[in-house]
Structures are given as C-alpha cells and as structure tokens.
Ligand code: ASP
Ligand code: CP
C-alpha cells in the first residue's frame with residue numbers, strides 16, 4: 002500500500018492522523034507528556050472523567066493484540082467514551098465476503114469519531130488516513146512499518162526514569178529488521194540531541210540498508226553489533242524485542258534466527274548498568290528469562306505497560322480536540 006506522507010503535528014493535534022513518529026517534534030512530545038501525567042491522575046482517581054463523553058472509537062484490528070487493543074479500549078472508557086471493537090475483520094466482518102479495505106474504513110468511519118487500526122501491511126494506516134475524510138486514524142501497527150503509539154509510551158517510560166530524552170545511550174536487541182516498534186523508537190530518539198543506539202541483532206535481522214542510511218542522516222548515532230560482548234556497560238536502557246515470527250516465509254527461516262540473544266540474570270549482571278531500565282514492547286516469547294522479572298530495572302511488566310494506557314488517553318483527548 003502506498004500513500005502520501007502524513008501531516009506533521011506542529012502543536013496542533015486536533016483532527017490529525019497519528020501514523021508515524023516522523024510527524025512529531027520535541028515540543029509536541031513535551032505537550033503530550035504533560036497531558037499524559039495528568040491522565041495518570043485521572044486513571045488513578047475514582048472520580049469518573051467526562052473528557053470523551055459522547056465519543057465512539059473504533060478498534061479495527063487485523064492482527065492479534067493484547068496491550069494496544071486493551072489499553073486503547075481502557076483509555077477510551079477511562080475518559081467516558083465508548084468503543085466498537087472489531088477483531089479479525091478478515092474472519093468476522095464483511096471483509097470475509099470480499100469487501101475492500103477502503104470500503105471497510107469508510108464504513109467504520111461513518112459510526113465513529115476515531116479509528117485505531119492495526120494491519121499486517123506496511124503503509125496501511127497511511128492509506129486508511131487518505132480514505133477516511135472525517136475521522137483521525139491512529140496507527141496501532143502497520144506490518145513491519147511503524148507502531149507510533151508504542152514508541153511514545155516507550156519514550157515516556159525512558160523520560161520517567163531518566164528525566165530526559167537527549168544524551169542517552171541505549172541498546173536495542175532482537176528483530177531490528179521487522180520490529181515496527183523499533184523503527185518508531187529510533188525516529189523518536191533521533192529528534193533529540195546526542196543519542197546513540199547499539200543495535201544487537203543477527204546479521205539477517207539488521208535494519209534494511211535504506212532505513213539505516215535514512216536514520217543516520219537524521220542525526221542519531223547507530224552502531225550495529227552481533228555479539229553480546231559488544232554491549233556497552235553504561236547504557237541508560239535496554240530495549241529487547243521478539244523475533245517477529247509472522248513476518249517469515251517459513252518456520253525453518255524463523256528458527257534459524259530466533260532467540261539468538263536472551264536476557265538472563267547473568268547477562269544483566271555482567272553488562273547492565275545499575276541505574277538502567279530494561280524494556281520490551283511485549284509479548285516476550287523466551288527472549289527474557291522469567292527470573293529477570295524481579296529485578297527492579299525490569300519495567301516491561303510494570304510502568305511500561307501502564308504508561309501505554311496513559312499515553313493513549315492523552316492522544317485520544319488531543320486528536321479528538323477535547324484538550325487543546
Ligand atoms: N506488540 C508489538 C507489535 O505489535 C511487538 C511485538 O509484537 O513483538 O509490534
Ligand atoms: N506492545 C504491543 O503492541 O503489544 P500487543 O501486540 O499485545 O498489542
């Protein structure tokens with residue numbers, strides 16, 4: 002699917018599609034994070050919120066999801082809005098009768114104030130944004146392209162722990178080639194000065210060469226490594242990822258590269274900085290040992306998950322124009 006590039010946010014969230022981290026600048030991320038902190042208070046308070054009263058958000062998910070679906074659903078309801086949940090439309094909607102993607106988007110646009118879309122094709126969210134004339138599209142993951150709302154919650158989690166988003170050294174490990182969360186995260190970190198990332202992956206799962214060149218041009222320093230011995234011991238964060246099984250042509254190809262790098266207690270003790278955080282977008286399927294979960298640096302089952310709901314509450318309130 003090809004589409005025109007999404008419009009930059011430039012301080013004006015109302016009515017904007019959220020397709021790529023490339024739409025953001027540091028000012029609008031700062032604004033989003035200020036509102037995210039307020040949304041945390043709203044969620045923790047017992048008092049009902051009416052910020053999204055009268056709004057309906059469609060959750061249209063062509064691929065499986067626990068966190069993105071669950072947190073967008075909860076975020077809408079936390080703010081007094083309602084959702085229409087459409088999972089596996091290929092099976093349960095009129096897509097199964099042959100209805101086109103464009104007609105599907107037009108149909109759900111007619112019932113809603115925003116559509117959260119997850120789809121297996123890269124570029125699908127941008128295509129949907131061109132089709133939908135009246136409601137914003139929020140990209141909940143498009144193939145191996147991007148997962149911008151995940152990267153925003155990842156950035157928020159880093160900011161919460163380090164107090165800044167510039168001058169950071171991070172390690173990103175696993176499936177850099179197919180990991181859409183990684184692609185958005187790199188774009189986000191590239192907006193700030195003096196960031197550098199070590200990308201730990203088997204050679205087969207390195208960034209596509211044109212993506213590497215484009216990211217490097219944007220100013221972030223990227224170092225590709227394929228041995229745990231190359232992990233610098235002073236990283237501010239590690240960001241581990243799952244090898245994206247569903248993107249491989251065969252199980253054999255997948256098994257060849259799966260779980261080459263696993264976070265064990267010993268790896269964390271040897272290479273981890275005492276003050277760093279260990280993140281993972283989840284689901285994890287073997288690449289972080291359960292024994293690591295008790296380490297206080299492991300935030301993937303703690304703040305990182307919860308921050309997803311707070312960031313999505315803030316985004317919905319902003320794009321629906323309920324908070325300026
Ligand atoms: N949940 C994230 C995504 O949908 C990461 C993953 O599935 O590995 O991109
Ligand atoms: N992190 C994330 O997108 O998780 P889900 O695939 O479960 O939504």
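Residue numbers (the numbering used here): 2 to 325. We treat Cβ as the ideally placed atom computed from N, Cα and C, and that holds for glycine.
If we call anything under 8 angstroms between Cβ atoms a contact, is residue 19 one with residue 150?
-> Yes, they are a contact pair.
Do residue 149 and the ligand CP come close, with the Cβ less than 7 angstroms from some heavy atom?
-> Taking the Cβ of residue 149 as the reference point, every heavy atom of the ligand CP lies at 7 angstroms or farther away.
Beta-carbon contacts of residue 204 that lie in its chain and below 8 angstroms, excluding the five residues immediately before and after = Answer for residue 204: 227, listed in chain order.
Alpha carbon to alpha carbon, how far is residue 189 from residue 152?
-> Residue 189 and residue 152: Cα-Cα distance of roughly 7 angstroms.
Please classify residue 17: is it buried, with 16 or more other beta-carbons within 10 angstroms of its beta-carbon, or exposed?
-> So residue 17 counts as buried.
Where the beta strand (DSSP E) containing residue 223 begins and where it ends = That run of the beta strand (DSSP E) goes 222–226.
State the start and end residues of the unbroken alpha helix (DSSP H) segment that holds residue 184.
-> Looking at the DSSP string, the run of the alpha helix (DSSP H) that includes residue 184 is 181–190.
What does a CB cutoff of less than 7 angstroms around residue 313 pick up in its chain, not counting 5 residues either side in sequence?
-> Apart from sequence neighbours up to five positions away, the residues of its chain that approach residue 313 with a beta-carbon distance below 7 angstroms are 72, 73, 76, 150, ordered along the chain.
Answer yes if the region 173–187 comes into contact with the region 227–247, meaning at least three C-beta pairs across the two stretches below 8 angstroms, and no otherwise.
-> Yes: at least three Cβ pairs fall under 8 angstroms.
Length-filtered (3 minimum) beta strand (DSSP E) runs lying within the region 2–66 | Scanning the region 2–66 from its first residue to its last, the whole beta strand (DSSP E) runs of 3-plus residues come out as 57–62.
Rounded straight-line distance, which links the Cα of residue 167 to that of residue 248 | Straight-line spacing of the CA atoms in residue 248 and residue 167 works out to 32 angstroms.
Could you please give me the residues that DSSP links to residue 199 through a beta bridge?
-> Answer by DSSP bridge pairing, in chain order: 172, 224.
Buried or exposed by the 16-neighbour rule on C-beta atoms within 10 Å, applied to residue 5 | Burial is judged here by how many other beta carbons sit within 10 angstroms of a residue's own beta carbon; residue 5 has fewer than 16 and is exposed.
Where does residue 252 sit, in a helix, a strand or coil, going by DSSP?
-> In the structure shown, residue 252 adopts helical secondary structure according to DSSP, grouped into three states.
Residue 129 in three-state terms, based on DSSP = Helix.
Which word fits residue 235, buried or exposed, when buried means at least 16 other C-beta atoms lie within 10 angstroms of its C-beta?
-> Counting the other Cβ atoms within 10 Å of the Cβ of residue 235 gives fewer than 16, which makes it exposed.
Near the ligand CP: residue 1 beta-carbon under 7 angstroms from a heavy atom | For the chain, the structure presents residues 2 to 325; residue 1 sits outside this window and is missing.
To the nearest angstrom, report how far apart residue 121 and residue 178 are at their CA atoms.
-> If you draw a straight line from the Cα of residue 121 to the Cα of residue 178, it comes to about 15 angstroms.
Select from 110, 145, 196 the residue whose C-alpha is nearest the C-alpha of residue 176.
-> Cα-wise, what sits closest to residue 176 is 145.
Would you list the one or two residues that DSSP bridges to residue 216?
-> BP columns for residue 216 are empty, so no partner.
Mind checking residue 137: buried by the 16 CB within 10 Å criterion, or exposed?
-> By the 10 Å Cβ count, residue 137 comes out buried.
With residue 162 as the anchor, note down where its alpha helix (DSSP H) starts and where it stops.
-> 149–163 is the extent of the alpha helix (DSSP H) around residue 162.
Would you mind working out which of 147, 123, 109, 142 sits nearest residue 132, comparing C-alpha positions?
-> When only C-alpha atoms are compared, the closest one is 109.
Quick one: residues in its chain with C-beta nearer than 6 angstroms to the C-beta of residue 162, no 5 flanking neighbours on either side, listed in chain order?
-> Cβ neighbours of residue 162 beyond the five flanking positions: 278.
Cβ neighbour criterion (16 or more within 10 Å) applied to residue 302 | Classification of residue 302: exposed, given that the 10 Å Cβ count is below 16.
So which of 274, 270, 261 has the shortest CA-CA distance to residue 286?
-> Ranking the options by Cα distance to residue 286, first place goes to 261.
Boundaries of the alpha helix (DSSP H) in which residue 320 is found, first to last residue | From DSSP, the alpha helix (DSSP H) with residue 320 extends over 304–320.
Counting only the same chain and skipping the five closest in sequence on each side, list residues whose C-beta sits under 8 angstroms from that of residue 206.
-> Excluding residues within five positions, the ones whose Cβ falls inside 8 angstroms are 175, 176, 177, 178, 179, 244, 258.
Helix, strand or coil: how does DSSP classify residue 287 here?
-> Residue state, collapsed to three classes: coil.
Outcome for residue 273 when other beta-carbon atoms lying within 10 angstroms are tallied against a minimum of 16 = Burial is judged here by how many other beta carbons sit within 10 angstroms of a residue's own beta carbon; residue 273 has at least 16 and is buried.
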